[in-house]
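Numbering of the sequence shown is given in the numbering used here, commencing with residue 1261 and proceeding in unit increments. Don't be surprised by glycine CBs; every beta carbon is placed ideally from N, CA and C. Since this is a predicted model, take the numbers as computed values, not measurements.
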Amino acid sequence: MSTFSPSLVLSLILLNLLLVSSTEMIKEGEIQLPSEKINSQFCNATAKPVSCPVKCFRADPVCGEDNVTYWCGCADALCHGVRVSKPGACDVGNGVGLSVPGQALLLIHIVWLMALAFSILLGLF
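Structure (structure tokens):
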């Protein structure tokens, strides 16, 4: 069996610590949108302005309490009179949509209309 010298073990430990600390420094220096930097000052305005001159040159999405993504950030949500619930785009699939029975009824109507259209095209009616 080979034995490791203490200097080799010490250098491996120091290298490991250096790599771990460098990844933490990278996480702190990531480029983020202004809305992704969560702090106590995030969208603190609550009154709707009289006019809404929202000028959006880049996307800065925030999710409103109405589950709509406002792509121009806090000012856009504030112009619509909505408070911001979280930074970033809203999650897909939990919005207001049809209920399951409503979707089933819609599917039945689509199938019925397609069957009617094909029967007219084939000359059955």
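Residues near residue i by beta carbon distance below 7 Å, same chain, minus five either side
| i | result |
| --- | --- |
| Cys-1350 | Cys-1323, Asn-1327, Val-1328 and Thr-1329 |
| Leu-1272 | none |
Beta-carbon gap between residue i and residue j smaller than 8 Å
| i | j | result |
| --- | --- | --- |
| Cys-1303 | Val-1344 | yes |
| Cys-1332 | Val-1352 | no |
Between the CA atoms of residue j and residue i - distance to the nearest angstrom
| i | j | result |
| --- | --- | --- |
| Ile-1298 | Pro-1347 | Only weak support is given to the placement of Ile-1298: the predicted model assigns it a pLDDT of 48, under 50, and the value that follows is read from those uncertain coordinates. Taking the straight line joining both Cα atoms gives about 7 Å. |
| Val-1310 | Cys-1316 | 18 Å |
| Gly-1383 | Cys-1334 | 58 Å |
| Val-1274 | Pro-1266 | The amino acid at residue 1274 is misidentified as Val; the sequence shows Leu. If I take the Cα positions, the gap works out to 12 Å. |
| Ala-1364 | Leu-1277 | 58 Å |
| Met-1374 | Ala-1319 | 41 Å |
| Pro-1361 | Trp-1372 | 17 Å |
| Leu-1367 | Ser-1359 | 12 Å |
| Ile-1380 | Ile-1370 | 15 Å |
Cutoff 6 Å; reference residue i; Cβ partners in own chain excluding five residues on either side
| i | result |
| --- | --- |
| Ala-1337 | Val-1322, Gly-1324, Tyr-1330 and Val-1344 |
Among the options, nearest to residue i - alpha-carbon criterion
| i | options | result |
| --- | --- | --- |
| His-1340 | Cys-1312, Pro-1361 and Leu-1272 | Cys-1312 |
Close-in-space but distant-in-sequence residues of the same chain around residue i (CB under 8 Å, 5 per side omitted)
| i | result |
| --- | --- |
| Val-1342 | Gly-1324, Glu-1325, Asp-1326, Val-1328 and Tyr-1330 |
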